[in-house]
Amino acid sequence: MEPPFPALLCLLGLLATASGAAECPSSAWIPFRSSCYIFLQGTLEELDNIDEARNLCKNNASGADIISIKNKEENTFIQETFKNHWQGPDYISLGIFFDTDDNAFKWFDKSEMKFTNWIEEESNEDLLNTCVSMYTKSGEWKKISCEDLPLTGILCKTAFAYEKKYLPATAVGSHPARPQRPSLGRGRGPKAADSILGLHQHAERERRCPLP
């Protein structure tokens, strides 16, 4: 009886191929758990408000938005990454707004707010036009007027699963936009190319990993 190692290697290869689908939009994004992060800075003088900052994130990757923070580990990751990699400004805007209807802070991306990290002297008084910034040196949050949001750099976040959109030159560590895959003729665009590639890969797997 032959040892099962060839079959095991085939299985591991298939698993690696499947896991490769979960990736960040480009190498400029930094992964952490099930999300990807990028700090955009540079020529952002045209940003006047939080909505324009959110649009900048959305234009870089489908599903991206200005940063939301789910727990202490993610907050620490952001603080440490600013220290070791991004080296951006002392304060960044968080994707938080104060909902006057519900009298509560909420994330713009509609995720549930289960974690906060207010500075110790932060009061409980909530203002009508209140937004939130993070002090990147300590990871602490501070309430500020939405008119005073720091918009010299924007931290964006997206999930692993995304529709790829290539980054502009304003992204830290970004690369030139890669060209779209050329068409294979009339009626045969990228989807057709993917189908042909998929059939080829399937045939190759059948050759390497024949069924018993």
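Going by mature numbering (1 follows the signal peptide of the UniProt record, and there is no 0), the letters in the sequence shown line up with residues -21 to -1, 1 to 191, in that order.
Even glycine gets a Cβ: it sits at the ideal position worked out from N, Cα and C.
| query | result |
| --- | --- |
| Cβ contact check for the region 118 to 134 and the region 52 to 68: 3 or more pairs under 8 Å | yes |
| Per DSSP, cross-strand counterpart(s) of G132 | Q20 |
| Beta-carbon contacts of N63 that lie in its chain and below 8 Å, excluding the five residues immediately before and after | none |
| Residue environment, A40, which counts as buried when at least 16 other CB atoms sit within 10 Å | buried |
| Nearest to I75 (by Cα), restricted to the options I98, G67 and S47 | S47 |
| Exposure of A32, with buried meaning 16 or more beta-carbon neighbours within 10 Å | buried |
| Reduced DSSP category for W8 - H, G, I as helix; E, B as strand; rest coil | coil |
| Neighbourhood of W97 by C-beta distance below 6 Å, restricted to the same chain and skipping five residues each side | W120 |
| Rounded separation between S13 and C36 - CA only | 18 Å |
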